[in-house]
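Here's the structure, in structure tokens; my notes come after.
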Amino acid sequence: LFRSEKYSRLLGVNAENISNRKLYSFIDEWYGTPYKYGGKTKNGVDCSDFASVLYKEVFGKKINGSASSIYNQCEHISKEELAEGDFVFFKIDSKDISHIGIYLQNNKFVHATVKKGIMIDDLDEDYYKKYFIGGGRIK
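Residue 74 in the working numbering sits at position 29 of the sequence shown, and the numbers go up by one each step.
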């Protein structure tokens, strides 16, 4: 059963703001799925494959490739322009874009983390602030 209260709490917004039931139900089903490089299933998934599966299931759009190649398929937008469903990109100890997440609301995004699997984090956390490159929107 989908509960908007859970996500309103996680995102720090009113329950009425959790209106894309398909998106949050999808996140709910995948939440906590362990990280697995190259994985594409609920047994294990990496950041870019999670983004690809989410986009196909929730938005009906086909995207694939690495975080870096998805970045190259996007119109680049600033943090202030981010809207629910946009991508967020990071360069974590790398010259190239090495991590991708999907923006939700209120600076929060969902992504596949190496340590905790699929989870929601905040762009304002020091770690993500340090590595954040920008947002992207599929053209």
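The beta carbon of each residue, even a glycine, is placed where N, CA and C say it ideally should be.
Between Leu149 and Ile165, the C-beta spacing is below 9 Å. Membership of Ala96 in any beta strand (DSSP E) is not indicated; the residue belongs instead to the alpha helix (DSSP H) covering Cys92 to Leu99.
Annotation for Glu74: the continuous alpha helix (DSSP H) segment containing it runs Arg66 to Trp75.
Between Asn117 and Ser111, the alpha-carbon positions lie close to 10 Å from each other. With fewer than 16 other Cβ atoms inside 10 Å of its own Cβ, Val159 counts as exposed.
For Ala112, the uninterrupted alpha helix (DSSP H) run begins and ends at Ala112 to Asn117, by DSSP.
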